[in-house]
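K.L.:
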Amino acid sequence: MSVPESGGRKGFSRQIERLVRLWALFGGAILIFLVAVNVFEVLTAATRPLTGYRFSGSVEITELAAAAAAFCFLPWCQLTDANVTADIFTARAGPRTIAVLKLAAAVVAILFGGLLLRQMSLGAIDHREYGYSTAVLDIPEWWAFVPMVISLALLVLAAIVTLIEQARYAATGEDN
0 MSVPESGGRK GFSRQIERLV RLWALFGGAI LIFLVAVNVF EVLTAATRPL
50 TGYRFSGSVE ITELAAAAAA FCFLPWCQLT DANVTADIFT ARAGPRTIAV
100 LKLAAAVVAI LFGGLLLRQM SLGAIDHREY GYSTAVLDIP EWWAFVPMVI
150 SLALLVLAAI VTLIEQARYA ATGEDN
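In terms of numbering that gives the first Met the number 0, the sequence shown opens at residue 0 and continues consecutively.
1) Should A67 and M147 be called a contact, given that it needs their Cβ atoms to be closer than 8 Å?
2) Are the region 35 to 55 and the region 70 to 78 touching, with three or more C-beta to C-beta distances below 8 Å?
3) Please state whether DSSP places S55 in a helix, a strand or coil.
4) Tell me, to the nearest whole angstrom, how far the beta carbon of Q77 is from that of L154; I am working on the premise that it is less than 8 Å.
5) Can you give the Cα-Cα distance for I87 and A166, rounded to whole angstroms?
6) Which same chain residues, not among the five before or five after E59, have their C-beta less than 7 Å away from its C-beta?
7) Within 10 angstroms of its Cβ, does E173 collect 16 or more other Cβ (buried), or is it exposed?
8) Excluding the 5 residues preceding and the 5 following W75 in the sequence, name in chain order all residues of the same chain whose CB lies nearer than 6 Å to its CB.
9) Hey, A64 and L33 are a contact pair by Cβ (cut 8 Å); roughly how many whole angstroms apart?
10) Could you compute how far the alpha carbon of A35 sits from the alpha carbon of R47?
11) List the DSSP bridge partners of E132.
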């Protein structure tokens, strides 16, 4: 089964696709921000002998933002079937067999995503309640959890969409 093109999904699936696409673009914006932070860090390090200026905390920003950005892409990977797979095991399998395997993978993604969603939510609450923050810039660590929790919620929704699509394909052999 091929991944439906932008116009291939309808209703709930289409709305989830739009949300997930926007969220992945947000993750890309975070990465662009990270590049800017690191370029600025390199420039300030190179010009430090002349200016005496030190940019402190770039490592903290990079750690928090990189983790958040990585999570932003998980729903997109699920929805577009861009997760890592071992094609060697399915090279001779028929399309319906592959659909059943992808259906099972969607179930695992729902369960694992739900578990991670719960645990990351609890972690965010703990980090907020205990006031954990970074050492140099004093950035509250729970801020980084917010996009991660949203990403995991979107991952579960994306996995539900792929579960429905793969179940339909496994049963009927038709994409939509």
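C-beta: ideal position from N, C-alpha, C; glycine also.
P.N.:
On the basis of the supplied data:
1) yes
2) no
3) coil
4) 6 Å
5) 23 Å
6) T133, V135, L136, I138
7) exposed
8) Excluding five sequence positions before and after W75, the CB atoms of its chain that fall closer than 6 Å to its own CB belong to V19, A23, given in chain order.
9) 5 Å
10) 18 Å
11) In the sequence under discussion, the amino acid at residue 132 is Ser, which differs from the Glu named in the question. P139, per the DSSP bridge assignment.
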